[in-house]
Ligand code: AMP
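Residue numbers (the working numbering): 762 to 981.
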């Protein structure tokens with residue numbers, strides 16, 4: 762099954778996707794992660810995406826659609842796919858439908874994670890990542906024992922540039938303006954079923970619902 766994880770930045774859909782992918786072997790496709798990798802590797806895409814990402818704006822649809830189309834061809838056809846952070850605009854959703862249609866696939870589920878803005882801001886602005894091992898902390902909800910130091914490996918904890926307060930505000934505006942219209946798009950979609958999950962709870966409780974909604978997965 763192809764499932765789309767929809768929800769504002771900071772709602773926790775990435776964390777949930779990683780966990781479900783670990784448990785079920787589903788492919789987790791995060792356009793944010795793919796773009797960050799492209800930036801680290803200094804590819805042309807990475808260079809083009811950089812200024813948009815740092816400003817909290819969306820990377821242009823054409824670049825994202827090329828990236829996703831290319832990435833989808835690398836996945837085994839039988840794997841379940843969790844699309845995280847994509848699509849983010851109506852044009853991307855239409856592009857995805859067309860691309861899947863060409864290969865005889867379709868979107869099965871859209872999982873909408875919902876939480877109040879207040880929670881989203883704390884989750885994003887409080888997020889710190891270890892530069893050495895990649896462990897993620899939150900200064901509000903799961904702080905490290907020593908400020909700025911990773912409990913696991915002693916590495917330095919840093920904030921993603923786009924998690925700084927001003928950029929966080931812009932990312933939330935962009936979500937409302939450009940991504941929220943996808944809720945109506947998928948409510949009226951031919952194949953996708955939209956399911957809402959209350960995400961302002963402990964990750965464990967959210968995961969129970971998420972697992973049920975997407976399930977162990979039937980092959981696409
Ligand atoms: P994320 O990690 O999903 O919050 O994405 C980080 C940033 O990458 C976003 O703020 C955008 O600048 C860019 N990005 C990720 N996915 C998309 C997408 N589907 N469309 C446009 N820009 C994206």
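Virtual Cβ for every residue (Gly too), placed ideally from N, Cα, C.
Which partner residues does residue 898 have in the DSSP bridge list?
889
Looking at the secondary structure, which residues open and close the beta strand (DSSP E) in which residue 976 lies?
Run containing residue 976: none; DSSP gives neither H nor E here.
Looking only at C-alpha atoms, which of 871, 890, 915 sits nearest to residue 921?
890
Measuring CA to CA, which of 885, 965, 865, 962 is closest to residue 838?
865
Start and end of the beta strand (DSSP E) containing residue 871?
Boundaries of the beta strand (DSSP E) harbouring residue 871: 868–875, taken from the DSSP string.
Could you tell me which uninterrupted alpha helix (DSSP H) segments, each at least 4 residues in length, are contained entirely in the segment 800–875, listed from first to last along the chain?
For the segment 800–875, the continuous alpha helix (DSSP H) assignments of 4+ residues that do not extend past its boundaries occur at 805–816, 822–833, 851–863, in sequence order.
So, at 7 Å on beta carbons, what are the nonlocal neighbours of residue 845 in its own chain, with the 5 sequence-adjacent residues on each side left out?
In chain order, 766, 774, 775, 778, 789, 790, 791 place their CB closer than 7 Å to the CB of residue 845, counting only its own chain and leaving out the 5 sequence neighbours on each side.
Buried or exposed: which applies to residue 937, given that a residue is buried once 16 or more other Cβ atoms fall within 10 Å of its Cβ?
exposed
Which residue's Cα is closest to the Cα of residue 969: 901, 808, 780?
780
Helix, strand or coil, according to DSSP, for residue 788 in the structure here?
strand
Apart from the five residues just before and just after residue 782, which ones in its own chain have a Cβ nearer than 8 Å to its Cβ?
788, 789, 843
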